[in-house]
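Chains as they are written, first to last, in the working numbering: chain A, 1 to 318; chain B, 1 to 318. C-beta atoms are modelled at their ideal positions from N, C-alpha and C, and glycine is treated no differently. Computed from a predicted model, the values in this text were never measured in an experiment. Okay, structure first, notes after.
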């Protein structure tokens with residue numbers, strides 16, 4: 001019986017990987033710093049060596065069912081990573097990553113998807129969404145990502161790219177977003193968006209705030225100021241939660257999920273975000289859904305969550 | 001072999017029904033005026049008599065596979081019509097309509113869903129979306145309805161009510177909608193919304209317009225004025241199309257459909273709506289989707305479309 005899987009979370013400079021059992025326990029883990037080499041074959045070789053090492057450490061050689069990978073701009077249907085600006089080896093090309101990694105790992109099956117979809121599968125397999133058939137994962141990190149689960153499966157759409165809720169419109173003709181559009185949810189409800197709101201509000205008023213002493217304000221600074229009771233910082237979270245909740249109501253009208261699961265760096269500010277998000281969602285729901293849709297936070301151990309999310313994909317590989 | 005189905009479209013005062021073959025040809029049709037009786041059992045009896053009659057006329061007795069029904073507030077999962085304000089017999093109660101009708105029709109299987117979902121199944125089975133696995137039906141009538149198809153199936157969500165895109169937010173803090181919320185897509189991009197826009201604009205300016213001669217302006221009046229070259233009327237459609245297109249872009253970010261299919265009374269104003277809708281959608285799409293998502297119009301014969309949509313549901317009944 002092959003009762004173990006490998007999960008790989010691919011980032012710009014580092015990749016995390018681990019061997020995971022069916023209960024979501026990480027038996028062995030590894031973090032590697034990938035080289036700056038623009039040749040995808042070189043990176044795949046480095047990763048394959050790390051996979052072999054982590055399997056050896058876990059003692060489960062021969063019992064691995066497959067490899068799941070979460071990576072930016074990764075397409076589940078095609079196995080290709082394309083034009084991922086943060087990955088030097090896939091920034092300007094289409095890399096058939098799943099087949100390359102499978103070949104380099106002695107034919108182990110490989111499934112890939114983007115980070116937010118991997119997180120959704122992780123929550124469904126091991127986390128807050130266990131047993132749910134309809135939920136939406138929202139990752140609140142540097143950007144805002146989403147993984148939509150419908151009938152117990154990630155919604156990939158006609159082309160494999162469905163679920164880009166971070167780039168739906170939160171404020172018509174609002175702030176410029178990194179994607180080139182204006183007013184995207186990501187421009188407001190990401191770590192970068194929160195810092196930007198704080199900076200804009202500080203610039204446009206004389207209101208006293210602990211944040212006035214901070215240079216290059218980050219979302220962490222805003223969070224710490226809010227913890228210390230800073231009124232402006234708390235209002236930043238009220239505003240952020242309101243915009244998020246308004247959009248969640250629209251997403252309910254789309255797929256009628258049982259719950260949202262929030263995850264990522266910004267979701268750590270749960271104490272300040274939860275209530276304004278819930279209030280705004282409720283105020284904008286059709287009456288048939290009022291009081292029925294939960295807003296949950298990921299319960300996965302944060303340091304392992306990326307590995308778990310990616311690994312969960314591998315249970316379905318063949 | 002049972003190669004025929006019955007489709008029933010239930011409205012406030014009238015119900016349309018017909019016997020349909022696999023190619024979408026209506027062999028016999030009937031329109032009945034339902035009584036004002038608030039007792040659902042009476043209405044079901046009237047409908048069952050009409051079903052027997054239309055089957056007799058079609059000459060296909062014994063060859064009927066099942067009955068599909070499109071009705072307001074009809075739940076596919078439960079077979080219940082609940083709190084449908086326009087149906088006197090289901091306005092204040094939960095009517096187990098599917099089982100009641102099946103019993104009254106000698107046990108023929110009955111599937112029900114709301115009008116917009118029925119329209120989506122109709123388009124997929126016989127119309128513009130034939131062969132598509134991912135598309136979104138938008139019905140632009142008195143209200144705005146939607147039927148979302150994912151992996152070749154209607155998306156019903158956790159409770160059977162998914163796909164209420166008419167009640168997503170088009171204008172934050174905008175016009176009051178019939179649902180009680182503000183700024184819903186339905187408040188702008190329905191027949192009623194178009195008439196309301198025209199009336200508001202006439203009231204707030206002195207701009208000459210053919211519509212100034214019309215009392216109780218309807219969307220048909222606005223359409224006819226636009227055909228006659230009226231500038232204000234044309235701008236009403238530009239505005240309506242822009243709001244619709246902006247929301248379509250958000251819906252693409254959700255489920256990455258191949259196409260939208262527009263249907264309903266207002267969709268007849270295709271010549272004025274298409275271009276502004278497409279332009280606004282394209283301007284708000286992420287670059288991965290630009291130029292790739294089609295906006296189509298229903299090709300089903302308008303007088304039969306409601307029967308066809310409902311009947312298409314019946315092919316899946318058992």
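So, does the CB of residue i fall closer than 8 Å to a CB anywhere in chain A?
i	result
residue 130/B	no
residue 152/B	no
residue 168/B	yes
residue 15/B	no
residue 316/B	no
residue 179/B	yes
residue 133/B	yes
residue 204/B	no
residue 254/B	yes
residue 97/B	no
residue 62/B	no
residue 190/B	no
residue 157/B	yes
residue 284/B	yes
residue 10/B	no
residue 246/B	yes
residue 81/B	no
Can you tell me whether residue i is buried or exposed? The criterion is at least 16 other CB atoms within 10 Å of its CB, across all chains shown.
i	result
residue 208/A	exposed
residue 306/B	buried
residue 131/A	exposed
residue 247/B	buried
residue 250/A	buried
residue 58/B	buried
residue 14/B	exposed
residue 77/A	exposed
residue 212/B	exposed
Counting contacts by CB-CB distance shorter than 8 Å, is residue i in contact with chain B?
i	result
residue 258/A	yes
residue 239/A	no
residue 250/A	yes
residue 288/A	yes
residue 161/A	yes
residue 295/A	no
residue 307/A	no
residue 112/A	no
residue 138/A	no
Am I right that residue i and residue j are in contact with their C-beta atoms under 8 Å? What's the rounded C-beta distance?
i	j	result
residue 135/A	residue 50/A	Not a contact, Cβ separation roughly 32 Å.
residue 117/A	residue 154/A	5 Å
residue 189/A	residue 167/A	The Cβ separation is near 12 Å, so there is no contact.
residue 286/A	residue 253/A	7 Å
Please return the same chain residues whose Cβ sits closer than 6 Å to the Cβ of residue i, not counting the five positions on each side in sequence.
i	result
residue 24/A	126 and 308
residue 176/B	182
residue 43/A	34 and 89
residue 67/B	6, 108, 110 and 314
residue 171/B	183
residue 222/A	194, 198, 233 and 236
residue 244/A	189 and 277
Residue i to residue j, Cα distance in whole Å?
i	j	result
residue 195/A	residue 219/A	5 Å
residue 237/A	residue 61/A	47 Å
residue 16/B	residue 299/B	19 Å
residue 72/A	residue 262/A	19 Å
residue 232/B	residue 137/B	29 Å
residue 271/A	residue 63/A	42 Å
residue 46/B	residue 31/B	12 Å
residue 94/A	residue 89/B	59 Å
residue 82/A	residue 139/A	21 Å
residue 165/B	residue 107/A	44 Å
residue 2/A	residue 114/A	25 Å
residue 201/B	residue 216/B	14 Å
residue 84/B	residue 40/B	12 Å
residue 158/B	residue 256/A	6 Å
residue 101/A	residue 151/B	28 Å
residue 241/A	residue 161/A	26 Å
residue 28/B	residue 56/B	9 Å
residue 288/A	residue 191/B	24 Å
residue 178/A	residue 293/A	30 Å
residue 301/A	residue 121/A	15 Å
I'd like to know if residue i contacts chain E, where contact means its C-beta is closer than 8 Å to some C-beta of that chain.
i	result
residue 164/A	Of the protein chains in the structure, A and B, none is chain E.
Starting from the C-beta of residue i, find all residues in its chain whose C-beta is less than 7 Å away, skip the five residues before and the five after it, and write them out in chain order.
i	result
residue 239/A	197
residue 290/A	282
residue 48/A	101, 104 and 105
residue 174/B	182, 183 and 187
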